[in-house]
Amino acid sequence: MNNVFFLGRITKQPEIRQTSGGKDYCRFSLAVDRDKESADFIPCVCWGDNAQNLVKYVVKGQQLLVSGKLQSGSYQDTSGSTRYTLDAYIYRIDFLAKPKGAADMAGSFQPVVDDDLPF
């Protein structure tokens, strides 16, 4: 079973991107407290509606509860060396608090589960 759940704060303002095939996605990282003095920075990816909602409604520093799965990968860097990656592919995002000035966004903070995932 490959399921992960993270509670953390988004580390920078998310930006939407598109694959060469036109699918929306967003890469972001969550700062997850390890203890009172340190945190882990978890690289995450979400797709489709989740990516669009993340970019539309989330601001840097906002707390999120996410669930998904870990996925490893690899690529060749410019020097020809193989680099290995490990990302959390997120399929559910729970917005735990509205960002400042978001009074007009009532009802938009429902969990979003994306069934149209590329994995």
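Here the sequence shown is numbered in the numbering used here, starting from 3 and rising by one per residue. Each residue gets a CB set at the ideal place from its N, CA and C atoms; glycine is no exception.
- The Cβ-Cβ distance between L88 and S74 falls below 7 Å.
- CA-to-CA, the gap between S83 and P45 works out to about 21 Å.
- Nearest to S40 by alpha-carbon distance, out of F30, N52 and G10, is G10.
- Scanning its chain for C-beta atoms nearer than 8 Å, with the 5 sequence neighbours on each side dropped, one finds around K14 the residues F30, S31 and K62, in chain order.
- R85 and L66 have their alpha carbons spaced roughly 29 Å apart.
- Judged by DSSP in its simplified three-state form, V60 adopts coil rather than helix or strand.
- Shown here, G70 sits in a strand according to DSSP, grouped into three states.
- Per DSSP, reduced to three states, the secondary structure at A53 is helical.
- If you check the CB distance, Q64 and D26 do not come in under 7 Å.
- Inter-residue distance for C28 and D79 is about 21 Å (C-alpha atoms, whole angstroms).
- Leaving aside the five residues that flank V68 on each side, the residues in its chain whose CB is nearer than 6 Å to its CB run, in chain order, F8, I92 and I95.
- Less than 7 Å divides the Cβ of V6 from the Cβ of L72.
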